[in-house]
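Chemist:
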Amino acid sequence: MATTWDADEAKLSRSSGGRIAHAGSRAARPFGSAGLAGPRARRRLGPGPAIPFGLQIGPVLLVLTWVVGSALGWIDPRILSAPWTVAEAFVRLIEQGRLQDNFVTSATRALLGLSIGLLVGTILAVIAGLSRIGEAVIDGPVQIKRAIPTLALIPLLILWFGIGESMKVTTIALAVIVPIYIHTHNALRSIDSRYVELAETLRMSQKDFILQVVLPGALPGFLLGLRFAVTLCWVSLVVVEQINATSGLGYMIDLARNYGQTDVILVGLVVYVLLGLVSDGLVRLLERRALSWRRTLAN
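Take the sequence shown: its letter number 132 is residue 132 in the UniProt record's numbering, and every next letter is one higher.
1. By DSSP, does residue 259 sit in helix, in strand, or in coil?
2. Can you check the segment 209 to 258 for any beta strand (DSSP E) of at least 3 residues that lies completely inside it and give the ranges in chain order?
3. With distance defined between alpha-carbon atoms, name the residue in 195, 185, 255 nearest to residue 225.
4. Between residue 237 and residue 109, how many whole angstroms is the CB-CB distance? I'm expecting something under 8 Å.
5. Measure the beta-carbon distance from residue 221 to residue 169 and round it to whole angstroms, keeping in mind my assumption that it falls under 8 Å.
6. From residue 259 to residue 125, what does the alpha carbon distance come to, in whole angstroms?
7. Could you round the C-beta distance between residue 117 and residue 188 to whole angstroms and report it? I think they count as a contact, below 8 Å.
8. With distances taken from CA atoms, which of 180, 289, 56, 277 is nearest residue 122?
9. In angstroms, rounded to a whole number, what distance separates the CA positions of residue 319 and residue 86?
10. Have a look at 204, 213, 160 and flag the residue whose alpha-carbon is nearest the alpha-carbon of residue 190.
11. From the DSSP output, in three-state form, read off residue 33 for me.
12. Once you ignore the five residues that flank residue 157 on each side, which residues in its own chain have a CB closer than 7 Å to its CB?
13. Among 79, 102, 200, 58, which one has its Cα closest to the Cα of residue 245?
14. Please work out which residues of its chain come closer than 7 Å, Cβ to Cβ, to residue 176, disregarding the five sequence neighbours upstream and downstream, and give them in chain order.
15. Can you tell me whether residue 106 is buried or exposed, with buried defined as 16 or more other CB within 10 angstroms of its CB?
16. With distance defined between alpha-carbon atoms, name the residue in 263, 43, 269 nearest to residue 92.
17. Report the three-state DSSP secondary structure of residue 89 (helix, strand or coil).
18. Quick check on residue 77: does DSSP put it in helix, strand or coil?
19. Out of 137, 153, 289, which one is the CA nearest neighbour of residue 239?
20. Could you pull the start and end residues of the alpha helix (DSSP H) that residue 116 belongs to?
21. For residue 162, name the three-state secondary structure that DSSP assigns.
22. May I ask whether a heavy atom of the ligand GTP can be found less than 8 Å away from the beta carbon of residue 43?
23. If you run the structure through DSSP and keep just helix, strand and coil, what is residue 70?
24. Assign residue 204 to one of three DSSP states: helix, strand, or coil.
25. Cβ atoms of residue 249 and residue 268: under 9 Å apart, would you say?
26. Is the beta carbon of residue 178 less than 9 Å from the beta carbon of residue 146?
27. Might you give, ordered along the chain, the residues of its own chain that have their beta carbon closer than 6 Å to the beta carbon of residue 318, omitting 5 neighbours on each side?
28. What separation, rounded to the nearest whole angstrom, lies between the Cα atoms of residue 300 and residue 272?
29. What would DSSP say about residue 149, mapped onto helix, strand or coil?
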């Protein structure tokens, strides 16, 4: 009696070239090809694995271009001082104590403005995101503020607060509020309604609903807004410190401009760059730790 194996074997015959021919097929396929020996290898469509120290490659190439251009005489030192000249000015300013004093002043202003902006922007976003009345009252003025550049408000802020520290901190805070509010408010309104229905089914209190549903759901948007806020914080600081200031990195840069000290100007700019990169790196690190549960294209 013929078995099932015999029937199957009768349908297949092995050719001399290592091919498998099926009865009734027009052409034999190679052994191991898709359709007989398993699925085809999946093609990766994402950006691929992370490059070690990938974020540092661009700045390093920029510095190398600066070094090579200065060494070969392609860059006029009157326009852009050489890196070694800037390094000498950096050491000189540290020895004189000028860089440390101005750095502390600038960092204090930035942290105060950033803290106030974060607090106010987050509170406004939560109120507008969880209340229709709050949204009707808050969202319109914030959108108006978003349409007006913060730096355009400086003349008005000078009339209100003078040229002291209050004006500078307020300018930074106003620049920070908008990105924090926009991204946090958008994240709140994008929370899946099924989570809200589940919270209602479980009869959560308003406090538990905010702590366990609202804040975790809005965290990705808040951290994205924080990255924009940190950048705008340093941008605003540069501007306000050049308006009748007597200390700070911006004051040091403006004073060096009056005396044509390009190397000192570059020292201040390098410090601003380092502050921006370090602060953005800290936010990125916080984002990776706080949102480690997410599976995204970047992962």
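Every residue gets a Cβ at the ideal spot worked out from N, C-alpha and C, and that includes glycine.
Source: prediction; values computed, not measured.
Modeler: With the given structure in hand:
1. coil
2. none
3. Per the Cα distances, 185.
4. So it is a contact: roughly 6 Å between Cβ atoms.
5. Actually they are not in contact, since the Cβ atoms of residue 221 and residue 169 sit about 25 Å apart, beyond 8 Å.
6. When rounded, the distance between both Cα atoms is 46 Å.
7. That pair is no contact at about 18 Å.
8. 180
9. Since the first and last residues shown for the chain are 1 and 299, residue 319 lies out of range.
10. 213
11. Bear in mind that a pLDDT of 48 at residue 33, under 50, signals an unreliable position, so the number given afterwards is only what the model happens to contain. Here residue 33 sits in coil by DSSP.
12. 167, 170, 171
13. 102
14. For residue 176, where only same-chain residues beyond five positions count, the Cβ hits under 7 Å are 113, 114, 117, 118, 121, 229, 232, 233.
15. buried
16. 263
17. Of the three classes helix, strand and coil, the one that applies to residue 89 here is helix, per DSSP.
18. coil
19. 153
20. 98 to 130
21. coil
22. In terms of ligand content, the structure shown is empty, and the ligand GTP therefore cannot be addressed.
23. helix
24. The answer is coil: DSSP assigns residue 204 none of H, G, I, E or B.
25. yes
26. Yes, they are a contact pair.
27. With the chain running from 1 to 299 in the structure shown, residue 318 is simply not present.
28. Nothing about residue 300 can be reported from this structure: the residues present for the chain run from 1 to 299 only.
29. coil
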